[in-house]
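Shown next, in structure tokens, is the structure this report addresses.
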Amino acid sequence: MSLGDWGWDERWAAEASALGADPGTVARLVGQDRGSFAIETSHGPEPARIPSAKSLLPSPVVGDWVIAEPGPMPTDPRSLVGVLPRRSKISRGAAGSGETEHILASNVDRIWIVQGLDVDLNPRRVERYLAVAWESGASPEVILTKADLADDVEAEVSRYQAVTLGVPIRAVSSDDPVRVEELRGTLDPGQTVCLLGPSGVGKSTLVNLLAGVTVARTGEVRAADQKGRHTTTRRELFQIPGGALLLDTPGIRELRIWVLGEGLVQAFPDIEELGEGCRFRDCRHETEPGCAVLAAAERGELDPARLRSFRKLQAEAAHEARKADPRARAAAVSDHKSALKTMKYHLKYRRPT
Numbered sequence: 000m001s002l003g004d005w006g007w008d009e010r011w012a013a014e015a016s017a018l019g020a021d022p023g024t025v026a027r028l029v030g031q032d033r034g035s036f037a038i039e040t041s042h043g044p045e046p047a048r049i050p051s052a053k054s055l056l057p058s059p060v061v062g063d064w065v066i067a068e069p070g071p072m073p074t075d076p077r078s079l080v081g082v083l084p085r086r087s088k089i090s091r092g093a094a095g096s097g098e099t100e101h102i103l104a105s106n107v108d109r110i111w112i113v114q115g116l117d118v119d120l121n122p123r124r125v126e127r128y129l130a131v132a133w134e135s136g137a138s139p140e141v142i143l144t145k146a147d148l149a150d151d152v153e154a155e156v157s158r159y160q161a162v163t164l165g166v167p168i169r170a171v172s173s174d175d176p177v178r179v180e181e182l183r184g185t186l187d188p189g190q191t192v193c194l195l196g197p198s199g200v201g202k203s204t205l206v207n208l209l210a211g212v213t214v215a216r217t218g219e220v221r222a223a224d225q226k227g228r229h230t231t232t233r234r235e236l237f238q239i240p241g242g243a244l245l246l247d248t249p250g251i252r253e254l255r256i257w258v259l260g261e262g263l264v265q266a267f268p269d270i271e272e273l274g275e276g277c278r279f280r281d282c283r284h285e286t287e288p289g290c291a292v293l294a295a296a297e298r299g300e301l302d303p304a305r306l307r308s309f310r311k312l313q314a315e316a317a318h319e320a321r322k323a324d325p326r327a328r329a330a331a332v333s334d335h336k337s338a339l340k341t342m343k344y345h346l347k348y349r350r351p352t
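Numbering (numbering that gives the first Met the number 0), first residue to last: 0 to 352.
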């Protein structure tokens with residue numbers, strides 16, 4: 000296979016040329032497991048590493064186009080010495096403190112948010128995934144697996160449509176080859192699709208169904224809570240018949256927000272549209288007078304739980320922005336000081352003399 004089979008095009012060639020990269024050293028990172036990497040070069044698959052004496056920023060992730068120099072000996076793994084500028088990246092706050100950016104994958108064209116129909120719809124989780132997916136620069140879609148376990152698939156799809164608002168939704172099942180073939184028909188050669196979702200929803204099974212053979216390891220889910228056992232422990236890019244590329248990822252226990260801008264707007268287009276009618280252009284839809292969003296919630300036209308979800312994601316994103324950007328942090332401190340001064344002179348907070 001050529002690099003074109005892994006998504007290489009003229010734009011990438013121009014990026015590599017601008018960096019002065021030798022065409023023979025360009026490769027795509029297709030597998031990552033802790034400190035070891037797998038790459039696809041013009042000569043085929045090879046192992047790679049980051050030299051211990053060097054640091055590489057940004058840190059390479061699956062999906063990256065990298066500059067991989069051969070070692071002094073033919074048996075040495077390639078050395079990763081550069082990363083081409085990314086067209087898209089899926090970011091979240093690192094697990095635990097969430098104080099650093101954790102990039103899950105890069106240079107993906109579509110993101111499949113995979114959810115299983117063996118468990119009830121969790122609207123707040125879907126909204127969170129959509130916000131992160133839209134922010135990445137890729138196009139999100141929702142894939143509902145285990146359709147054979149749903150009493151009424153179309154009814155389930157309708158419930159998801161009330162949350163996703165225009166995002167494509169497709170239901171599949173390992174027992175329904177027609178649905179699998181319909182999903183495969185949406186894929187284009189060279190297109191990279193990343194699968195995101197919690198453990199046990201069937202991401203690896205879906206990869207195998209579309210590949211037609213077992214390429215990704217799968218496991219059973221626990222009967223008690225329908226949770227997976229993290230069978231997938233590495234991120235890996237697979238090529239399937241027809242030329243599309245599927246990026247399988249480990250199950251996500253906690254999808255922490257990193258920074259949200261346009262992603263939040265696109266995940267909540269209904270709130271954005273209602274906000275056009277607010278009295279103040281910088282309305283936060285909390286307690287401001289003349290807020291069209293609050294009015295819609297009071298009239299029952301907007302689910303209050305959806306509005307709370309929007310506020311929560313907005314607050315998380317603002318918190319992360321303050322940590323990452325000194326200017327945002329300074330602006331927040333200034334706003335807080337202004338609020339304190341206002342309270343000082345407000346009749347409600349004045350001490351009696």
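Glycine is no exception: its CB is placed at the ideal position from the N, C-alpha and C atoms.
Quick caveat, the model's predicted, so the values are computed rather than measured.
Just so you know, the alpha carbons of G23 and S41 end up roughly 7 Å apart. Under the three-state reduction of DSSP, I270 is assigned to helix. Within the same chain, Cβ atoms closer than 7 Å to the Cβ of A316 are found at I256, V258, L259 and L263, the five residues on either side in sequence being excluded. Counting along the chain, V156 sits inside the alpha helix (DSSP H) bounded by residues V152 to T163. DSSP places K311 in the helix class (H, G or I) of the three-state scheme. In the same chain as A243, and ignoring 5 residues on each side of it, the C-beta atoms closer than 7 Å to its own belong to L186, D187, P188, Q190 and V192, in chain order. Within a 10 Å sphere around the beta-carbon of L194 sit 16 or more other beta-carbons, which makes this residue buried. C-alpha of L236 to C-alpha of L312: approximately 30 Å in a straight line. Under the 10 Å beta carbon count, L56 is surrounded by fewer than 16 other beta carbons and is classified as exposed.
Using a C-beta cut-off of 8 Å, the stretch 156-164 makes no contact with the stretch 70-79, since fewer than three inter-stretch Cβ pairs fall below that distance. Assignment of beta-bridge partners to K88 by DSSP yields S105. Per DSSP, L293 lies in no beta strand (DSSP E); the unbroken alpha helix (DSSP H) holding it starts and ends at A291 to E297. In this chain, the alpha helix (DSSP H) harbouring W133 covers P122 to S135. The stretch 168-225 is shown to contain whole beta strand (DSSP E) runs of 3 or more residues at 168-170 and 191-195, in chain order.
With 16 or more other Cβ atoms from the protein chains shown falling within 10 Å of its own Cβ, F309 counts as buried. Following the DSSP letters along the chain, one finds W11 in no beta strand (DSSP E) but inside the alpha helix (DSSP H) bounded by residues E9 to A17. Just so you know, the alpha carbons of W5 and P46 end up roughly 16 Å apart.
DSSP places F237 in the uninterrupted beta strand (DSSP E) bounded by R234 to Q238. For the set A295, P59, L83 and V60, the Cα lying nearest the Cα of L18 is the one of L83. Residue environment for R127: buried (at least 16 other C-beta atoms within 10 angstroms of its C-beta).
Under the three-state reduction of DSSP, V60 is assigned to coil, being neither helix nor strand. Cβ-Cβ separation between L129 and T99: approximately 23 Å, too far for a contact (criterion under 8 Å). In the DSSP assignment, E300 falls outside any beta strand (DSSP E) and carries neither an H nor an E.
In this structure, DSSP gives R278 a state outside helix and strand, which the three-state scheme calls coil.
In the DSSP assignment, L148 falls outside any beta strand (DSSP E), carrying neither H nor E. For L306, the secondary structure class from DSSP, reduced to helix, strand or coil, is helix.
The C-beta separation of L143 from A170 comes to about 4 Å, placing the pair in contact by the 8 Å criterion. In this structure, V166 and P139 form a Cβ contact; the two beta carbons are roughly 6 Å apart against a cut-off of 8 Å. Here DSSP, grouped into helix, strand and coil, assigns D247 to strand.
With at least 16 other beta carbons inside 10 angstroms of its own, G201 counts as buried.
9 Å or more divides the Cβ of L182 from the Cβ of V113. Selection D108, L245, P59 and T213 evaluated against G136 yields D108 as nearest (Cα-Cα). Close CB contacts of I102 within its chain, under the 8 Å cut and outside five residues either way in sequence, are with P57, S58, V60, K88, I89 and S90 (chain order).
Of all alpha-carbon atoms in W11, A12 and E39, the one lying nearest the alpha-carbon of Q238 is that of E39.
According to the DSSP secondary-structure assignment, E253 is paired through a beta bridge with no residue.
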